[in-house]
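Each residue of the sequence shown is one higher than the last, beginning at 209 in this note's numbering.
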Amino acid sequence: MAAYEEQEDLDRLKTWWKNYGNSVIFGIALGAAILVGFRYWTQHTEQQRHGAAVLYDRMFQNFHAKKSADTRQLGESLMNDYSSTPYAGMAGLLLARLDFEAGDAPKARERLQWVLKNADAAAVQHAARLRLARIQLDSGDKEAALALLDVKDRAGFEAEYEELKGDIHAAQGQREAARSAYREAIKYLPAGSSYAPILNMKLDDLGLEQAP
């Protein structure tokens, strides 16, 4: 009896395998392919990140050594070949600074716009936005500069945004708006900040408040 039941089980298994065996093999193969693909992607991502970190370190050293040609070459490599890493955005900020200091404001704007579009790190995004707005202000496009600062999430950069708003309003001759922005900037500074006197000087430069 036991032998008969065992044969029945074998027959059922054979029938099941005949009907579903190919699907099982395909599923196993697919799962293995996904696992291998995920491991490859993870390894590739880590290699990219490590390679970008090494390049950025070299770029930063060349930047401080004032080797602009080498700095630019490394920065371009980071932006073109490692755009998915955080270091690409940081490289874009450095290159934009080099461009601006070399008198090429349009190129600096182009770099910063690339960073705004491609960088994931919030701090890098804020730095790019603030620098781009400053360039717009310096070029006389005050409205465009102000529009760039109209963002909701400014966490950690509130003082910088408010100060630049104050600078823009001051350039527009809007003293009350500038005064309000500078005061907001001071509120966001940490206690005992050494930057507060600079903002107070900007307030003093605006003159006395208008009587209500």
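The beta carbon of each residue, even a glycine, is placed where N, CA and C say it ideally should be.
- Query: Hey, quick one: how far does the alpha helix (DSSP H) through D307 stretch, first residue to last?
  - Reply: Boundaries of the alpha helix (DSSP H) harbouring D307: P294 to E309, taken from the DSSP string.
- Report yes if the C-beta distance between L345 and I376 is below 8 Å; otherwise report no. Yes, the Cβ-Cβ distance between L345 and I376 is below 8 Å.
- Query: Whole-angstrom Cβ separation of A273 and L286, contact assumed at under 8 Å?
  - Reply: Between L286 and A273 the Cβ distance is about 17 Å, and since that is not below 8 Å, they are no contact.
- Reduced DSSP category for R391 - H, G, I as helix; E, B as strand; rest coil: Helix, per DSSP.
- Query: Any idea what DSSP makes of P398, helix, strand or coil?
  - Reply: Residue state, collapsed to three classes: coil.
- Less than 8 Å separating the beta-carbons of Q333 and A327? Cβ distance < 8 Å, so Q333 and A327 count as in contact.
- Message: Quick check: the Cα distance between R317 and V323, rounded to an integer number of angstroms?
- Response: Distance between the alpha carbons of R317 and V323: 10 Å.
- Message: Rounding to the nearest angstrom, what Cα-Cα distance links Y264 and Y295 in this structure?
- Response: The straight-line gap from Cα to Cα measures roughly 6 Å.
- Query: Can you give the Cα-Cα distance for I343 and T293, rounded to whole angstroms?
  - Reply: Their Cα atoms are separated by approximately 26 Å.
- Contacts around F271, its chain only, beta-carbon distance under 8 Å, and the 5 residues preceding and following it disregarded: Here the set comprises T279, L302 and L306.
- Beta-carbon separation of A313 and S347 under 8 Å? Against a cut-off of 8 Å, the Cβ pair of S347 and A313 comes out as a contact.
- Task: Would you mind working out which of E366, R257 and S401 sits nearest R389, comparing C-alpha positions?
- Result: It is worth fixing the name first, because residue 389 is Ala in this sequence and not Arg. The shortest Cα separation from A389 among E366, R257 and S401 belongs to E366.
- Is Y264 helix, strand or coil when you go by DSSP? Correct three-state label for Y264: helix.
- Query: What is the DSSP secondary structure of S285, reduced to helix, strand or coil?
  - Reply: Of the three classes helix, strand and coil, the one that applies to S285 here is helix, per DSSP.
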